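Positions 1 to 87 (my numbering) are the ones given, in order, by the sequence shown. Before any comments, here is the structure.
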Amino acid sequence: MMRRQSRLLFAVLLGLLLSPPLSARGDVSLDQAVEQARERTGGRVISAETRDKNGQRVHNIRILTSDGKVRRLQIDAGSDHRSDKRR
């Protein structure tokens, strides 16, 4: 009985050690999304928030560009997919 529990515990621990970390799974934090938006546009971040869109977490970021225009970026928190909306 004890040997069976030891094997089960070993299998669980091995599975945890071999699974990729959360960051490798495509999860993007709001801070990471803001930094990506800043690097991509070269502008100043006006606002940033995370919302639920159809069951998916999406980061909405508004940027003020150097030419005075506001750009809206949406970054999927799970897949790092970006969409750009200009105003």
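We put the beta carbon where it would ideally sit given N, CA and C, even for glycine. From a predicted model like this one, the values you see are computed outputs, not experimental measurements.
- In angstroms with no decimal places, state the Cα-to-Cα distance between Gln74 and Gly42. The straight-line gap from Cα to Cα measures roughly 16 Å.
Note to self: What would DSSP say about Thr41, mapped onto helix, strand or coil?
What the structure shows: The DSSP-derived three-state label of Thr41 is helix.
- Starting from Val70, trace the beta strand (DSSP E) both ways and give me its first and last residue. Counting along the chain, the beta strand (DSSP E) containing Val70 begins and ends at Val70 to Asp76.
Please tell me whether Arg44 and Leu30 are closer than 7 Å, where the distance is taken between their beta carbons. Taking 7 Å as the Cβ cut-off, Arg44 and Leu30 do not qualify as a contacting pair.
Check Ser66 in the structure and name its three-state DSSP category.
-> Coil.
Item to check | Cβ-based burial, Val28 [other Cβ within 10 Å; buried from 16] | outcome: Classification for Val28: buried.
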